[in-house]
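Colleague:
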Amino acid sequence: MWRQALLVLCAAHLLSAHADDDEDKKPVVCYYYGEAMTRPSPMNYRVSDIPGHLCNYVTLAFVTMNSETFEIESSMSAYLNNTGLYEEFTSIKKKYSHIKTLVSVGGWEYGHSVFSRMVSRTVSRRRFVKSAVRWMRHYGFDGLDISWQYPGTMVRGGSQGDKENFVLVMKELKSEFLKYDFMLSTTIPIDPMLLKTGFNVAALSRYVDWFNVFTHDLRGTWTGYTDVHSPLRRRCFDKGQYAALNAEDGLNRLVKLGAPKKKLMLGIPFYGRSYTLLDPRRHALAAPTRRDVHAVPGPYVMSDEILAYYEVCMDITMLSWRREYDEIGQCPYAYRGDQWVGYEDEESISAKVDFVLEQDYGGVMVFNIDMDDFNGVCGVKNPLLNSVCRKFNEGRLIDPRIG
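FYI, in mature numbering (1 follows the signal peptide of the UniProt record, and there is no 0) the residues of the sequence shown are -19 to -1, 1 to 384.
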């Protein structure tokens, strides 16, 4: 009962928030994956499921750009295009007057050679910028997020000039966006090599309102051993390239490269990365995994590498998976038989939000809200997002552009 009362109080604070209150308030940037609408019932996440009282920015992922004209176009399925998704998404501002809506272009699955070609020429950059403005004005978006994964990475379709050209297009976007008070953000990795080849952090900082920091997907089946994919701090077994791949070291690196702390939004995933154990008797962190056998897909996201939080919590509550906790990395993991998953829960999110507050970073970005337990099948609705709410600003929200 006390828990429900606390959540109601948190929501009440959020709805009464003012962006120009105390300087120490932090923003919550929420990503929503539009294709989540097509998942099997009852996990087909609709725009009406977005808990707007728990976010101050909601970003719709993803759209792409035409490979010939470099103009923004929909990447959604034909079904979603015909449902008026974009208009419905931006109309949530009628219900939640404090919310701003953004649209994200790119994403992991997008062909990133198009990005590289677009930024390489003045005329193509101009076409992209103009199309972005038209798109946002037509559908009522308040800003654009660039999710280029990753400039300068040859195996992902990048080229050597991407790092400098990325700054140029962001400068041109910002110049045009100022006319309409549009916002501009970009995703950014913490991997030292990706930063070196593709991101002039100090220069980008002049044009973005904030960075959505990818402090997740830092581990996966490619490592050959079990691990949580969004560790907060370095562990004793983190060696080689993985020694620096944690939120604490990554955010410090971005600050040293010229990013203002107030523009760094710590990424928190609402999903886990799953593995198949080589030996079910060895199920701790850094246990060997099978690379020839994928993990068992969940019933709703249906991925053999990713489990939504609601799939994990159902495994724990209904199928008796055992939960353990990485005290240094500040992430839980769970296992049963030869199946293993590292993820985030209320305890780990509380620790990460404490870290953001203690270190005075800009705020939190959650990816994706449609993978939270939004139906409350394991208890309260939206437990992960509510964990952020309970910690941040006593439930108040702020515009990250104000600081």
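Idealized CB from N, CA, C, for every residue including glycine.
Just to confirm my understanding: we take W(-18), look at its own chain, exclude 5 residues before and 5 after, and list those with CB closer than 7 Å. What are they?
Modeller: Its pLDDT being 44, under 50, W(-18) is placed unreliably in this model, and the value from its coordinates should be taken loosely. Same-chain partners within the cutoff: there are none.
Colleague: What are the partner residues of L83, as DSSP defines its beta bridges?
Modeller: Beta-bridge pairing links L83 to T40, G124.
Colleague: Hey, out of Y131, L154, V136, whose CA is closest to D143's CA?
Modeller: Per the Cα distances, Y131.
Colleague: For E328 versus Y314, is the C-beta spacing smaller than 8 Å?
Modeller: In this structure, Y314 does not lie closer than 8 Å to E328 by Cβ.
Colleague: Mapping the DSSP letters down to three states, classify Y91 as helix, strand or coil.
Modeller: DSSP places Y91 in coil when its eight states are reduced to three.
Colleague: Taking only three categories from DSSP, how would you classify I31?
Modeller: In this structure, I31 counts as coil in the three-state DSSP scheme.
Colleague: What's the gap between the Cα of A268 and the Cα of V277?
Modeller: So the alpha carbons of these two residues sit roughly 18 Å apart.
Colleague: At the level of alpha carbons, what is the spacing between D30 and K160?
Modeller: So the alpha carbons of these two residues sit roughly 32 Å apart.
Colleague: My assumption, with CB atoms under 8 Å, is that R215 sits in contact with N233. Please give the rounded CB distance.
Modeller: Wrong, their Cβ atoms sit about 11 Å apart, outside the cutoff.
Colleague: Would M259 and R271 be called neighbours here (beta carbons separated by less than 8 Å)?
Modeller: As written in the sequence, residue 259 is Leu, which differs from the Met given in the question. Yes; because the gap between Cβ atoms is below 8 Å, this pair is in contact.
Colleague: Is the separation between the beta-carbon of residue 473 and that of T167 shorter than 8 Å?
Modeller: No information on residue 473 is available, as it lies outside the stretch -19 to 384 that the chain covers here.
Colleague: What distance in whole Å lies between the Cβ atoms of K244 and S186, which are believed to be in contact at a cut-off of 8 Å?
Modeller: That belief holds up - the Cβ atoms of S186 and K244 are roughly 6 Å apart, short of 8 Å.
Colleague: Within the 8 Å Cβ cut-off, does L125 reach chain D?
Modeller: Here there is only one protein chain, and chain D is not present.
Colleague: Measure the C-alpha to C-alpha separation of E153 and W89 and round it to an integer number of angstroms.
Modeller: Their Cα atoms are separated by approximately 24 Å.
Colleague: Just confirm the distance between the C-beta atoms of Q311 and L247, as a whole number of angstroms; I'd bet it's less than 8 Å.
Modeller: So it is not a contact: roughly 12 Å between Cβ atoms.
Colleague: Does V361 pass the burial test, meaning 16 or more other C-beta atoms within 10 Å, or should it be called exposed?
Modeller: So V361 ends up on the exposed side.
Colleague: What are the boundary residues of the beta strand (DSSP E) that I287 is part of?
Modeller: That run of the beta strand (DSSP E) goes 287 to 289.
Colleague: For the alpha helix (DSSP H) containing P132, name the first residue and the last one.
Modeller: No alpha helix (DSSP H) contains P132, which DSSP labels as neither H nor E.
Colleague: Under 8 Å between the Cβ atoms of D219 and H210?
Modeller: Contact flag unset, no.
Colleague: Could you check where the beta strand (DSSP E) with C312 kicks off and where it finishes?
Modeller: First-last of the beta strand (DSSP E) with C312: 312 to 317.
Colleague: If distances are taken between C-alpha atoms only, which option among S255, V95, I73, W321 comes closest to G133?
Modeller: Comparing Cα positions, the closest option is V95.
Colleague: Roughly how many angstroms lie between the CA atoms of K177 and R263, to the nearest whole one?
Modeller: In a straight line, the C-alpha of K177 is about 37 Å away from that of R263.
Colleague: Report the partner residues of Y12 according to the DSSP bridge assignment.
Modeller: Paired residue(s): T40.
Colleague: For V236, I'd like the list of residues in its chain whose CB is within less than 8 Å of its CB, leaving aside the five on either flank, ordered along the chain.
Modeller: Within the same chain, V236 has close Cβ partners K242, L245.
Colleague: Assign F192 to one of three DSSP states: helix, strand, or coil.
Modeller: Three-state DSSP puts F192 in a strand.
Colleague: Rounded to the nearest angstrom, what separates H275 and E69 at their Cα positions?
Modeller: Distance between the alpha carbons of H275 and E69 is about 37 Å.
Colleague: Return helix, strand or coil for M283, following the three-state DSSP convention.
Modeller: M283 falls in the coil class under three-state DSSP.
Colleague: Report yes if the CB atom of G253 is closer than 8 Å to the CB atom of G323, and no otherwise.
Modeller: Going by C-beta atoms, G253 is nearer than 8 Å to G323.
Colleague: Relative to the C-alpha of R106, which candidate in E16, Y290, E157, D208 has its C-alpha closest?
Modeller: Considering only alpha carbons, the answer is E157.
Colleague: By a C-beta neighbour count over all protein chains shown, 10 Å radius and 16 as the cutoff for buried, is G139 buried or exposed?
Modeller: Looking at its Cβ environment, which holds 16 or more other Cβ atoms inside 10 Å, G139 is buried.
Colleague: Tell me the DSSP secondary structure of I297 in three-state form.
Modeller: The answer is helix: DSSP assigns I297 an H, G or I state.
Colleague: Let me check understanding here. Comparing Cα to Cα, which of V182, N146, L41, T202 lies closest to D285?
Modeller: Nearest option by C-alpha distance: T202.
Colleague: Opposite Q320 in the DSSP bridges: which residues?
Modeller: According to DSSP, which records beta bridges pairwise, Q320 is partnered with T257, R317.
Colleague: Heavy atom of the ligand GTP less than 7 Å from the Cβ of I309, yes or no?
Modeller: As presented, the structure is devoid of all ligands, the ligand GTP included, so that no description of it is given.
Colleague: Using DSSP's beta-bridge definition, name the partner residues of M246.
Modeller: DSSP output for M246 lists N193, G344 as bridge partner(s).
Colleague: Tell me whether D273 is buried or exposed, calling it buried when 16 or more other Cβ atoms sit within 10 Å of its Cβ.
Modeller: The residue is exposed, with fewer than 16 neighbouring Cβ atoms inside 10 Å.
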